[in-house]
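Participant: Residue numbers (the numbering used here), protein chains in the order written: chain X, 4 to 244; chain H, 15 to 206.
The C-beta atom is built at its ideal place from N, Cα and C for all residues, glycine as well.
Bear in mind that the values here come from a model prediction, so they are computed numbers and not experimental data.
Structure below; questions to follow.
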Amino acid sequence: MTANPVLELRNAGKVYGAGATLVTALHGASLSIAPGELVAVRGASGSGKSTLLHLAGGLDAPSTGDVLVEGRSLSGLSRKELARLRRRSVGYVFQDLNLVPSLTAAENIALPRELDGARAAEARTEALAALEEIGLREVADRFPDEMSGGQQQRVAIARALVGPRRLVLADEPTGALDSETGEGVLRMLRARCNAGAACLLVTHEPRHSAWADRVVFISDGAIVDETTASAPVAVDLGALT
Amino acid sequence: MDTAYAYSVLMSIKHGLLALLAPGPKYGYQLKAEFETATGSAWPLNIGQVYSTLQRLEKGGQIEADGVPDDDGRVVYALTPSGRAELADWFGSPIAQESRPRDELAIKLAMAVSTPGVEAREVVQAQRSQAMSSLQSLTRLKGTVPEEDLARVMVIDSLIFAVEAEVSWLDRCEARLRKARTTQTPEKEAVQ
Ligand SMILES: Nc1ncnc2c1ncn2[C@@H]1O[C@H](COP(=O)(O)OP(=O)(O)OP(=O)(O)O)[C@@H](O)[C@H]1O
Ligand SMILES: [Mg+2]
C-alpha cells in the first residue's frame, strides 16, 4: 500500500515573459513525493530547479499542469488558504535565505508559528529548540547581519523545520556550509523524513543529494533522469589475488 | 585487472596487517576479522589472502612466529623491529597519485567522443546514473554506522568522496559536450 503523496506535480510547466523574451523555465514536470520520502533535484545552473520548488511551494502558479499538496490542488485555493498552507504545512528554505533583517534569529524562526496562532512564549521555546537542534543556540538573540553566512543559512533551515511541517522544500540549503555542517543538515532532513515528512531538496553537491531516496536530474527544464540506491557495493579484493 | 592497482591493494593488505600487529601478537583468523572491522567491512578478505600475506611478511623478516603453534597448529604472529620500522615508514609517507588505478572510464569517454556513431552524452548519462546510485547506497550504509565509529565512517567517506568526484567530473563532461554541440551546430549548417 502506498500512502497518498504529500506533493504531486502533474505535468507542471512554467513560462516566464512573452514574445521575444519568452523563457520556458520548466517543461511539463511530473513528480510525486510520499510521506517519509526525501527527493533531491540536481541540474546545471538555470536548468529550472528553483522554478520547480517555487511551483511546489505555491510561491508561483504553474503556466500549465497542476500542483497538489496533501491532495489539494493549489490552483483551487484562495490567497488566504494558500498563505495558511504555506505557514502551517510547508517549510521553505529559500536560495537567498529571506530572513527578516529586523528580527533576531529566534524571532525569525518563531514568526511563522506566531502568524499561525501559537502563543509567543510557546513559539520562542520551539524556536530555541530548533536552534539547539541545528547547533546554533548561541545566536538566538542576534540579528541576521550579526551572523556569518553559514549561520544565517542554518537559521533559515531551522525556520523551515519548526512546527508540524509535513512538506519541506529546501533550495541549496548547504551552499554556505562546510562539508561537516552540510552533512549535519542532511542528516537532520533525513531524520525528518524518517519521521514522516516529505522533502524536496535542491543541491549542487552530489554527496548531499545522495541522502535522498530518489535523485532527479533536470536538464533545460525537463526531468531527464531519476536514480535510487543500487544494491550495496562491496569492494571484493579476493578477485585480485 | 590493472597490475599497478593489484599491487597497491596487496601493499595495503600487507601494511594493514602490520598495523593490526602493532598493539601485540595475534592469530591469522583474528587479523582477518580485525581488518574487516577496522575498514567498515568495505574490503572483505579471504583467509587464504591473509595467510599468504603473513608468509610473505615472515619471509621478509617483518613478522615472526611468537612461541610454538597451539594444539590446532595455529601460529601467533608478532612484529619484528624491521616490521615496526616499515609500518612507521608507511604511516609517515603519503601515497603517490600514480599508484592509483589507470582510469578505464576516462579512456572510454575519450574514445566515445572520437568514435563515429557513439553518442558520448549517453555514455556520460548512463555512467552518471550508476555512479549516483552507488553514492546513494554508500550514503545509506553510512547512515547506519554510528558517527563515533570513526574508522568505519572514515573508510565509507573515502569511498563516498571518490564516487562524488566521478559524478562531479561527469557533470562537467556533460556541460562540455553540450557546449561543444551548440557551438558546432552552426558550423555544420554552414558547410551544407
Ligand atoms: N522571474 C523570472 N523571469 C524570467 N526568467 C526567469 C525568472 N526566474 C527564472 N527565470 C529563468 O528560468 C530558468 C530557470 O531558472 P531557475 O531559477 O529555476 O534555475 P536554477 O536551476 O534554480 O538555477 P541555479 O542553480 O542557478 O539556482 C533560467 O533560464 C532563468 O533565467
Ligand atoms: Mg536556483
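(1) Can you grab the Cα-Cα spacing for the pair residue 39/X / residue 195/X, in whole Å?
(2) I'd like to confirm something about residue 95/X: is its beta-carbon nearer than 7 angstroms to some heavy atom of ligand 1, or not?
(3) Terminal residues of the continuous alpha helix (DSSP H) containing residue 67/H?
(4) Give me the pocket residues for ligand 1, defined as CB within less than 5 angstroms of any heavy atom, sorted by chain position.
(5) Excluding sequence positions up to five away, which residues of its chain have a Cβ less than 6 angstroms from the Cβ of residue 225/X?
(6) When you compare the CB of residue 120/H with every CB in chain X, is at least one pair closer than 8 angstroms?
(7) So, is the C-beta of residue 181/X closer than 8 angstroms to a C-beta in chain H?
(8) If you measure from the beta carbon of residue 137/H to each beta carbon in chain X, is any gap under 8 angstroms?
(9) Quick check on the DSSP output: the alpha helix (DSSP H) that includes residue 103/H runs from which residue to which?
(10) For residue 77/X, tell me which candidate among 12/X, 231/X and 197/X has the shortest Cα-Cα distance.
(11) Going by the beta-carbon positions, is the gap between residue 62/X and residue 219/X smaller than 8 angstroms?
(12) Just curious, the beta strand (DSSP E) that residue 35/X is in, first and last residue?
(13) To the nearest angstrom, report how far apart residue 229/X and residue 121/X are at their CA atoms.
(14) Can you check which of these residues, 70/X, 227/X, 214/X and 8/X, is closest to residue 155/H by C-alpha distance?
(15) Which value, in whole angstroms, describes the spacing of the CA atoms of residue 82/H and residue 153/H?
(16) Nearest to residue 176/X by CA position, among 85/X, 99/X, 71/X and 26/X, is which residue?
(17) Could you pull out every residue in the same chain whose Cβ sits closer than 7 angstroms to the Cβ of residue 238/X, ignoring the five residues on either side in sequence?
(18) With 8 angstroms set as the bound, which would you pick, yes or no: does the beta-carbon of residue 150/H sit closer than that to a beta-carbon of chain X?
(19) So with CB distances below 7 angstroms, who are the chain H contacts of residue 231/X?
(20) If you drop the 5 nearest sequence neighbours on each side, which residues of the same chain put their C-beta closer than 6 angstroms to that of residue 89/H?
(21) Answer yes or no: does any C-beta atom of chain X fall closer than 8 angstroms to that of residue 50/H?
Facilitator: Short version:
(1) Sequence index remark: in the first sequence, residue 39/X carries index 36 (1-based). Sequence index remark: in the first sequence, residue 195/X carries index 192 (1-based). Going from the Cα of residue 39/X to the Cα of residue 195/X covers about 8 angstroms.
(2) Counted from its first residue, the first sequence places residue 95/X at position 92. Result no, Cβ not under 7 angstroms from ligand 1.
(3) Translated into the one-based positions of the second sequence, residue 67/H becomes position 53. Its alpha helix (DSSP H) spans residues 61 to 73.
(4) 19/X, 26/X, 28/X, 48/X, 49/X, 50/X, 51/X, 52/X, 53/X and 54/X
(5) Against the first sequence, residue 225/X aligns to sequence position 222. Closer than 6 angstroms at Cβ, skipping near neighbours: 30.
(6) Here residue 120/H is taken as the residue at index 106 of the second sequence, counted from 1. It does not: the Cβ of residue 120/H has no partner Cβ on chain X nearer than 8 angstroms.
(7) Here residue 181/X refers to the residue found at position 178 of the first sequence. Judged by the 8 angstroms Cβ criterion, residue 181/X is not in contact with chain H.
(8) Counted from its first residue, the second sequence places residue 137/H at position 123. So no, residue 137/H is outside the interface.
(9) Locating residue 103/H in the second sequence gives position 89, counting from the first residue. Note, residue 103/H: alpha helix (DSSP H), 95 to 106.
(10) As a working note, residue 77/X is residue 74 in the first sequence. Per the Cα distances, 12/X.
(11) Counting from one through the first sequence, the residue named residue 62/X turns up at place 59. Counting from one through the first sequence, the residue named residue 219/X turns up at place 216. Contact: no.
(12) Counting from one through the first sequence, the residue named residue 35/X turns up at place 32. Segment 26 to 36, the beta strand (DSSP E) holding residue 35/X.
(13) Translated into the one-based positions of the first sequence, residue 229/X becomes position 226. Translated into the one-based positions of the first sequence, residue 121/X becomes position 118. So the two alpha carbons sit approximately 40 angstroms from each other.
(14) Taking the second sequence and counting its residues from 1, the one referred to as residue 155/H is at position 141. Nearest of 70/X, 227/X, 214/X and 8/X to residue 155/H, Cα basis: 214/X.
(15) Taking the first residue of the second sequence as position 1, residue 82/H is located at position 68. Taking the first residue of the second sequence as position 1, residue 153/H is located at position 139. When rounded, the distance between both Cα atoms is 45 angstroms.
(16) Walking along the first sequence from the start, residue 176/X turns up at place 173. When only C-alpha atoms are compared, the closest one is 99/X.
(17) Here residue 238/X refers to the residue found at position 235 of the first sequence. Per-residue confidence for residue 238/X stands at a pLDDT of 43, beneath the threshold of 50, marking its modelled position as unreliable; the derived number appears in the next sentence. Excluding residues within five positions, none has a Cβ falling inside 7 angstroms.
(18) As a first step, residue 150/H is located in the second sequence; it is residue number 136 there, counting from the start. Answer yes: the Cβ-Cβ gap between residue 150/H and chain X drops below 8 angstroms somewhere.
(19) Translated into positions along the first sequence, residue 231/X becomes position 228. Within chain H, the residues near residue 231/X are 147 and 150.
(20) What you label residue 89/H is simply residue 75 of the second sequence in a count that begins at 1. Answer for residue 89/H: 79 and 83, listed in chain order.
(21) Position 36 of the second sequence, counted from the first residue, corresponds to residue 50/H. No - not a single Cβ of chain X is within 8 angstroms of the one on residue 50/H.
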